[in-house]
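Please read the structure below before turning to the comments.
Residue numbers (this note's numbering): 23 to 369.
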């Protein structure tokens, strides 16, 4: 190879010397040597292409067909990105599909609907309740009937034959015997006069109630808590069974409340619930109030008040209504117990 190159260089030197003797101008020399220049340029380009693209091709093949190599390269890349964090925060771009933000058209921002607040509904829904005076009552129903005649029209309904009646003693016994997950859970939305809030746990609260029941005490107490985590919600199905008209295709309730009071007046207070709501009265009674959401409140739709007695159930959707409950006239001989089931209702 070296011999050939030396020979080629000698030939070029002889050629240049011969051209100088003939006194060619610079422009004529460029024209004569143009093919030779282009030949060497093509050789250089081929050499750079070979050295540049060959490693890329090798990396591509290893990445796609060698899992070990791909995993190792990914691990090294992540380590390098972590080292870059003090100098460049790349985390905002991690989940973005586009690295360059595109400005939204002005008309799309104007027409984009404003998200509804927890106490708001679409103003078009107000027509559903503006002529409603009382809550309808039904019995021996099916879910399809409730859905077509009431729920899809935004109307609450009281089902009088829920068949879920249960006294406080049997409820406490069932919880203690069959729901250890519930006793050990941490509920949310707690309200009680049995314990200080920072000392509250379900086991201690129910133990106090059981003690009052055993001694026939006239102590006034109330307890309200909501089961939020999955295990406690599943455990609550032991004492909060589905009503007979609850269909199989409907999702299980994602949250459940237990409302209890004895020998104490409770002013109406709102509890925030969402979705399709089943309020089941197990024992005694509670006073309930449904208030329309904004902008249907005021003089558009009325506030609906009712007294829910044992074995009755209130069914409604929170798309239009807000719920409050209380106890105005407690019965000292009977405790008031109710459950509230929240279902993610997708039509």
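For each residue, glycine too, the CB sits at the ideal point set by N, CA and C.
All values derive from a computational prediction rather than experimental measurement.
Fully contained in the region 47-102 are the following alpha helix (DSSP H) runs of length 4 or more, in chain order: 48-87.
Here the region 205-218 does not lie against the region 341-358, with fewer than 3 beta-carbon pairs under 8 Å apart.
Residue 195 is not a Cβ neighbour of residue 333, given a cutoff of 8 Å. Under the rule that a run must span 3 or more residues, the beta strand (DSSP E) segments found entirely inside the region 228-305 read 243-249, 277-284, 288-293 and 298-305. By the beta-carbon neighbour count (other beta carbons within 10 angstroms, threshold 16), residue 53 is exposed. In this structure, residue 210 keeps its C-beta atom at 8 Å or more from the C-beta atom of residue 342.
Per DSSP, reduced to three states, the secondary structure at residue 211 is strand. Ranked by Cα distance from residue 143, the first of 349, 317 and 330 is 317. Close CB contacts of residue 279 within its chain, under the 6 Å cut and outside five residues either way in sequence, are with 248 and 362 (chain order). Taking all protein chains in view, the Cβ of residue 284 is crowded by 16 or more other Cβ atoms within 10 Å, so the residue is classified as buried. Pairing residue 165 with residue 268 gives a Cβ-Cβ distance under 8 Å. Under the 10 Å beta carbon count, residue 182 is surrounded by fewer than 16 other beta carbons and is classified as exposed. Judged by their CB atoms, residue 291 and residue 254 are not nearer to each other than the 8 Å cut-off.
When the five nearest sequence neighbours on each side are left out, the beta carbons in the same chain lying within less than 8 Å of the beta carbon of residue 148 are those of 314, 317, 318, 322 and 323, in order along the chain. According to DSSP, residue pairing for residue 174 in a beta bridge does not occur. Sequence-distant Cβ neighbours of residue 242 in its own chain, meaning closer than 6 Å and more than five residues away, are 285 and 286.
Where residue 196 is concerned, the enclosing alpha helix (DSSP H) starts and stops at 190-200. Using a Cβ distance threshold of 8 Å, residue 328 and residue 310 count as a contacting pair. The secondary-structure analysis by DSSP pairs residue 157 with nothing; it has no beta-bridge partner. Under the 10 Å beta carbon count, residue 344 is surrounded by 16 or more other beta carbons and is classified as buried. Contact check for residue 294 and residue 312: beta-carbon distance about 14 Å, past the 8 Å limit, so the pair fails to qualify. Exclusion of the five residues before and after residue 84 leaves 91 as the residues of its chain whose Cβ lies within less than 6 Å of its Cβ.
Secondary-structure assignment with DSSP links residue 307 through a beta bridge to 331. The Cβ-Cβ distance between residue 154 and residue 168 does not fall below 8 Å. Taking 8 Å as the upper bound for CB-CB distance, residue 359 and residue 101 are not in contact here, some 58 Å apart.
Under the criterion of beta carbons closer than 8 Å, residue 330 and residue 300 do not qualify as touching, at roughly 12 Å. In this structure, the straight-line span from the alpha carbon of residue 233 to that of residue 175 is close to 46 Å. The beta carbon of residue 60 sits closer than 8 Å to no other beta carbon from its chain once the five residues preceding and following it are set aside. It is roughly 45 Å from the alpha-carbon of residue 225 to the alpha-carbon of residue 114. Going by DSSP, residue 149 is part of the alpha helix (DSSP H) stretching over 148-151. Look at residue 145 here: in three-state DSSP terms it is helix.
Annotation for residue 343: the continuous beta strand (DSSP E) segment containing it runs 343-349.
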